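Below: the structure, in structure tokens.
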Amino acid sequence: MAARKGSASSAKAGANVSAEELTQYYRDMLLIRRFEEKAGQLYGMGLIGGFCHLYIGQEAVVVGLEAAAKEGDKRVTSYRDHGHMLACGMDPKGVMAELTGREDGYSKGKGGSMHMFSKEKHFYGGHGIVGAQVPIGAGLAFSDKYKGNDNVTFTYFGDGAANQGQVAETYNMAQLWDLPVVFVIENNQYAMGTSVQRATKSPDFYERGIAYGISGEEVDGMDVLAVKAAGEKAVAHCRAGKGPYILEIKTYRYRGHSMSDPAKYRTREEVQKIREERDAIEHVRQLLLTGKHATEEDLKAIDKEIKLIVNESAEFAKESPEPALEELWTDIYADVAPQNA
Amino acid sequence: MATKILMPALSPTMEEGTLAKWLKKEGDTVSAGDILAEIETDKATMEFEAVDEGVLGKILVAEGTSGVKVNDPIAVMLEEGEDASAADAAEPAKAAAEAPTSVPAQAKSADEPADIPRPDTSPDWPEGTPMKTQTVREALRDAMAEEMRRDENVYLMGEEVAEYQGAYKISQGLLDEFGAKRVIDTPITEHGFAGLGVGAAFGGLRPIVEFMTFNFAMQAIDHIINSAAKTLYMSGGQMGAPMVFRGPNGAAARVGAQHSQDYGAWYAHIPGLKVVQPYSAADAKGLLKSAIRDPNPVIFLENEILYGRSFEVPDIEDFTIPFGKAKIWRKGSDVTIVSWSIGVSHALEAAEKLSKEGIEAEVIDLRTLRPIDYDTVLASVMKTNRCVTVEEGFPVASMGNHLSAVIMERAFDYLDAPVINCTGKDVPMPYAANLERLALITPDEVVEAVKKVTYR
Numbered sequence: 006m007a008a009r010k011g012s013a014s015s016a017k018a019g020a021n022v023s024a025e026e027l028t029q030y031y032r033d034m035l036l037i038r039r040f041e042e043k044a045g046q047l048y049g050m051g052l053i054g055g056f057c058h059l060y061i062g063q064e065a066v067v068v069g070l071e072a073a074a075k076e077g078d079k080r081v082t083s084y085r086d087h088g089h090m091l092a093c094g095m096d097p098k099g100v101m102a103e104l105t106g107r108e109d110g111y112s113k114g115k116g117g118s119m120h121m122f123s124k125e126k127h128f129y130g131g132h133g134i135v136g137a138q139v140p141i142g143a144g145l146a147f148s149d150k151y152k153g154n155d156n157v158t159f160t161y162f163g164d165g166a167a168n169q170g171q172v173a174e175t176y177n178m179a180q181l182w183d184l185p186v187v188f189v190i191e192n193n194q195y196a197m198g199t200s201v202q203r204a205t206k207s208p209d210f211y212e213r214g215i216a217y218g219i220s221g222e223e224v225d226g227m228d229v230l231a232v233k234a235a236g237e238k239a240v241a242h243c244r245a246g247k248g249p250y251i252l253e254i255k256t257y258r259y260r261g262h263s264m265s266d267p268a269k270y271r272t273r274e275e276v277q278k279i280r281e282e283r284d285a286i287e288h289v290r291q292l293l294l295t296g297k298h299a300t301e302e303d304l305k306a307i308d309k310e311i312k313l314i315v316n317e318s319a320e321f322a323k324e325s326p327e328p329a330l331e332e333l334w335t336d337i338y339a340d341v342a343p344q345n346a
Numbered sequence: 381m382a383t384k385i386l387m388p389a390l391s392p393t394m395e396e397g398t399l400a401k402w403l404k405k406e407g408d409t410v411s412a413g414d415i416l417a418e419i420e421t422d423k424a425t426m427e428f429e430a431v432d433e434g435v436l437g438k439i440l441v442a443e444g445t446s447g448v449k450v451n452d453p454i455a456v457m458l459e460e461g462e463d464a465s466a467a468d469a470a471e472p473a474k475a476a477a478e479a480p481t482s483v484p485a486q487a488k489s490a491d492e493p494a495d496i497p498r499p500d501t502s503p504d505w506p507e508g509t510p511m512k513t514q515t516v517r518e519a520l521r522d523a524m525a526e527e528m529r530r531d532e533n534v535y536l537m538g539e540e541v542a543e544y545q546g547a548y549k550i551s552q553g554l555l556d557e558f559g560a561k562r563v564i565d566t567p568i569t570e571h572g573f574a575g576l577g578v579g580a581a582f583g584g585l586r587p588i589v590e591f592m593t594f595n596f597a598m599q600a601i602d603h604i605i606n607s608a609a610k611t612l613y614m615s616g617g618q619m620g621a622p623m624v625f626r627g628p629n630g631a632a633a634r635v636g637a638q639h640s641q642d643y644g645a646w647y648a649h650i651p652g653l654k655v656v657q658p659y660s661a662a663d664a665k666g667l668l669k670s671a672i673r674d675p676n677p678v679i680f681l682e683n684e685i686l687y688g689r690s691f692e693v694p695d696i697e698d699f700t701i702p703f704g705k706a707k708i709w710r711k712g713s714d715v716t717i718v719s720w721s722i723g724v725s726h727a728l729e730a731a732e733k734l735s736k737e738g739i740e741a742e743v744i745d746l747r748t749l750r751p752i753d754y755d756t757v758l759a760s761v762m763k764t765n766r767c768v769t770v771e772e773g774f775p776v777a778s779m780g781n782h783l784s785a786v787i788m789e790r791a792f793d794y795l796d797a798p799v800i801n802c803t804g805k806d807v808p809m810p811y812a813a814n815l816e817r818l819a820l821i822t823p824d825e826v827v828e829a830v831k832k833v834t835y836r
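Structure below.
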């Protein structure tokens, strides 16, 4: 067991990664950002309702960890979930149509932004109650251990959820039973409007597992390659049957907590500084350009391609009909066994 | 191409707002992410960011304007190099989500009562079936053991279920037969292991989560309701939680307020859950086997006082009782007494006493509170014209209240007296023996209620 500060695994960027992979990460992160910008726009137009929590700024976290995953691995997260869904390969059209509450959405319009799932992509939500996904993630890992396969579950939660009692309960059981679960703390430094410093005197979340015997480390979440490297290490630990692992990924959300958050708890300058100096997408863009892996023209072509995908998803989400009124009464009970994941 | 910028909705409830301040002026170059304006919503003052880059061509709504409707054009953006005159020709803004033209009609619920009750009167087991005497405790253990033999994915987890053999000895012998992989002692962390069980169910297993008592399940109720009961719906039918939450519920004896509460009405309130509250050993066995096989989350509320009681149980392979089918323990023509769980015991005792006074009560055991067998209750009430409900739970928002409402709606003309709900008293359970007796529902109170509705 050990808990390490981030330096070791962070950013020897460019090493051990092919041009294709780097380009793919760029593309994946850009898709999330453009998708979220579009979602914000549709929200402003009244096409998306209720709560809508954007992932802009945090893209390197999910893209880096998906790069460390294999088929069969599971993932579960909170309500800030659009990025996770796109990163694990769910269709942007289905996600956007769920945001607009239409029948072609992943939950037929009955879940919304915070409650989406995909059995096919092993994405288990999309949970609206802070911290609830943490024991659920351990349970998913429990099911894999029970079945005797080597799948791993990525259980994502924020710095806010990290202070929940059920997280401590889950750490205890996950280590007790050697469950193959990577606890991913996306520390974006604000639990809604409360900064980490105002919520705990123990702000090093990667150390929170020590009491239970769980190793953890801090990772630079604005560096997709550092995230990927840390993810590979954590996953190897789990697959080797050594139990859970904690990654505290330092990241930053550029937008408000939800669409109706005026974000008065931090300065505009703080956000601007991180955007300008530490942006994860810009970082990979520079790696691609300075490494001569891509030209400005190549990247422009990717931008264009992503914009097209996002615009198509928005059009699809606007055109898809609202669910049939009969849908009010379906899916309350399963008549037959609903799953065999 | 010039595009119109529309007044944005910046909160879930915003319909209009005040354009407090423009932070860019006409002719300014704008990058994506730049703040264009400050807008006051119904909740706060928000910064409104540009989505695309371009030049602010024309401001259509002056700062300080209040009552600007969401989706009204507030400015025109031009592409780099585009002439300001293009602003006038800007594409009209696309209408946002239109207001619904009519309130969606409520479709008929599948279990909405039909006008004529049609009770299922088929026997629970064939005539001539060999029977054996068993306690409720043994019946519950046998149900779990049989289902664990039948399906490798069924496992039991909870506090003291394995090595201790169960705090109430319900899981006696299961560890020996099935091993530590499938009979799992948990730490005392209800919130955590209930959530973990839900995750295991999402992952394809069939967990039985035992709560040492349902009082402790209050720590886990978020997972029972928000995670287990609602996910099938929220996922559009993609995944749900096929699992059982079980354990003793209701008052035991002399354990005070925090360990003595009946949660039947709480869980029966929730769409997505099924709720079982058996009385006899045969029902405990047949219903628990159905619960374990059910593809939905099932709340299985046992009763500690009943654990040691013996009943006749059919001695046949694979004996199950379906949900939503009540049992008539005693036929009668003068009054219908509806109960479940330990209340059936009080109802039957009351019925014997009443019989001696010439009042014949029909005693119905609902067995499951979700789904409820309304047909059996209504058919009986239409025959007897009087009804008393009996439950251990608190009186406010009780199951009896709900049953009274259904009977009123569907059998009003048949009633010769108001329905009376016999419940536990509206007090936390006291410790003192004499006060505890007062707080609980008793057969004598049922007798008294029946006399009221029969005007005796």
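Chain order of the listed sequences is W and H.
One gets the working numbering by counting positions in the first sequence from 1 and adding 5 to each.
One gets the working numbering by counting positions in the second sequence from 1 and adding 380 to each.
Backbone N, C-alpha and C define an ideal beta-carbon position, used for all residues, glycine too.
Values in this document were obtained by computation on a predicted structure and should not be read as measured data.
Buried or exposed: residue i, going by 16 or more other Cβ atoms within 10 Å of its Cβ?
i: ILE568 of chain H; result: exposed
i: VAL776 of chain H; result: exposed
i: ASN676 of chain H; result: buried
i: ILE419 of chain H; result: buried
i: SER725 of chain H; result: buried
i: VAL483 of chain H; result: In this predicted model, VAL483 of chain H has a pLDDT of only 49, less than 50, meaning its place in the structure is not dependable; the value taken from the coordinates is given anyway. VAL483 of chain H is exposed by the Cβ-count criterion.
i: ASN168 of chain W; result: buried
i: LEU818 of chain H; result: exposed
i: LEU313 of chain W; result: exposed
i: ASN533 of chain H; result: buried
i: ALA329 of chain W; result: exposed
i: GLN657 of chain H; result: buried
List the residues of chain H whose Cβ lies closer than 7 angstroms to the Cβ of residue i, in chain order.
i: PHE122 of chain W; result: SER615, GLN618 and MET619
Quick check: what's the CA-CA separation for residue i versus residue j?
i: ASN595 of chain H; j: VAL172 of chain W; result: 22 angstroms
i: GLU692 of chain H; j: GLN514 of chain H; result: 6 angstroms
i: ILE53 of chain W; j: VAL139 of chain W; result: 27 angstroms
i: ASN781 of chain H; j: GLU771 of chain H; result: 11 angstroms
i: SER14 of chain W; j: HIS288 of chain W; result: For SER14 of chain W, the predicted structure reports a pLDDT of 41, less than 50, and the residue's modelled location is therefore unreliable. A value from the coordinates is still provided. Each residue's alpha carbon lies about 17 angstroms from the other.
i: ALA476 of chain H; j: ALA797 of chain H; result: Here the model assigns ALA476 of chain H a pLDDT of 43, short of 50, so the residue's position is not dependable, and the following value carries that caveat. ALA476 of chain H and ALA797 of chain H: Cα-Cα distance of roughly 56 angstroms.
i: ALA621 of chain H; j: ALA581 of chain H; result: 5 angstroms
i: LYS474 of chain H; j: GLY51 of chain W; result: With a pLDDT of only 45 at LYS474 of chain H, under the threshold of 50, the placement of this residue in the model should not be trusted; the figure read from the coordinates follows. If I take the Cα positions, the gap works out to 11 angstroms.
i: GLY131 of chain W; j: GLU433 of chain H; result: 32 angstroms
i: ALA813 of chain H; j: ALA547 of chain H; result: 24 angstroms
i: PRO398 of chain H; j: LYS115 of chain W; result: It is worth fixing the name first, because residue 398 of chain H is Thr in this sequence and not Pro. Each residue's alpha carbon lies about 32 angstroms from the other.
i: ARG710 of chain H; j: PRO823 of chain H; result: 15 angstroms
i: GLY226 of chain W; j: VAL100 of chain W; result: 24 angstroms
i: LEU252 of chain W; j: CYS57 of chain W; result: 26 angstroms
i: ALA727 of chain H; j: MET95 of chain W; result: 56 angstroms
Could you tell me which of the options sits nearest to residue i, measuring between CA atoms?
i: ALA367 of chain W; options: W:LEU294, W:ILE307, W:ALA339 and W:MET178; result: Nothing can be reported for residue 367 of chain W: it is not among the residues displayed for chain W, which extend from 6 to 346.
i: PHE321 of chain W; options: W:ASN192, W:ALA24 and W:LYS43; result: W:LYS43
i: VAL68 of chain W; options: W:LYS115, W:ASP336 and W:GLU191; result: W:GLU191
i: ARG517 of chain H; options: H:ALA813, H:SER660 and H:ARG634; result: H:SER660
i: ALA222 of chain W; options: W:VAL187, W:VAL201, W:ASN193 and W:ALA204; result: Reading off the sequence, residue 222 of chain W comes out as Glu, not Ala. The shortest Cα separation from GLU222 of chain W among W:VAL187, W:VAL201, W:ASN193 and W:ALA204 belongs to W:VAL187.
i: ARG721 of chain H; options: H:LYS733, H:ALA706 and H:LYS832; result: Note on residue identity: the sequence assigns Ser, not Arg, to residue 721 of chain H. For SER721 of chain H, the nearest C-alpha among the options comes from H:ALA706.
i: VAL66 of chain W; options: W:LYS150, W:ASP284 and W:GLY170; result: W:ASP284
i: VAL678 of chain H; options: H:GLN641, H:GLY636, H:ALA637 and H:VAL624; result: H:VAL624
i: ALA523 of chain H; options: H:GLY704, H:TRP646, H:GLN552 and H:ALA542; result: H:GLN552
i: TRP445 of chain H; options: H:THR421, H:ILE708 and H:LYS384; result: Looking at the sequence itself, residue 445 of chain H is Thr, so the reference to Trp does not match. Here the closest residue by C-alpha is H:THR421.
i: MET381 of chain H; options: H:ASP408, H:LEU795, H:GLU406 and H:VAL435; result: H:VAL435
Please list the partners that residue i has in chain H, where partner means a Cβ-to-Cβ separation under 8 angstroms.
i: ASN193 of chain W; result: Under the 8 angstroms cutoff, chain H gives no residues; its nearest Cβ is about 17 angstroms from ASN193 of chain W.
Give me the Cβ distance between residue i and residue j, rounded to the nearest whole Å; I'm assuming they're in contact under 8 angstroms.
i: GLY572 of chain H; j: VAL589 of chain H; result: Going by Cβ atoms, the distance from GLY572 of chain H to VAL589 of chain H rounds to 11 angstroms, so no, they are not a contact pair.
i: GLY804 of chain H; j: LEU815 of chain H; result: Their Cβ separation, rounded to whole angstroms, is 12 angstroms, which puts GLY804 of chain H and LEU815 of chain H out of contact at 8 angstroms.
i: GLY248 of chain W; j: ASP336 of chain W; result: Contact flag wrong, Cβ pair sits at about 35 angstroms.
i: LEU520 of chain H; j: ALA664 of chain H; result: 5 angstroms
i: MET264 of chain W; j: TYR30 of chain W; result: Not a contact, Cβ separation roughly 27 angstroms.
Output, in chain order, the set of chain W residues within a Cβ distance shorter than 8 angstroms of residue i.
i: LEU386 of chain H; result: GLY49 and MET50
Against residue i, what residues of chain H qualify as contacts under a CB-to-CB distance less than 9 angstroms, listed in chain order?
i: GLN63 of chain W; result: Near GLN63 of chain W there are no residues of chain H at all, since even the closest Cβ is about 16 angstroms away, more than 9 angstroms.
What does residue i touch in chain W if you count any residue whose Cβ is under 9 angstroms from its own?
i: ASP602 of chain H; result: ILE134, ALA137 and GLN171
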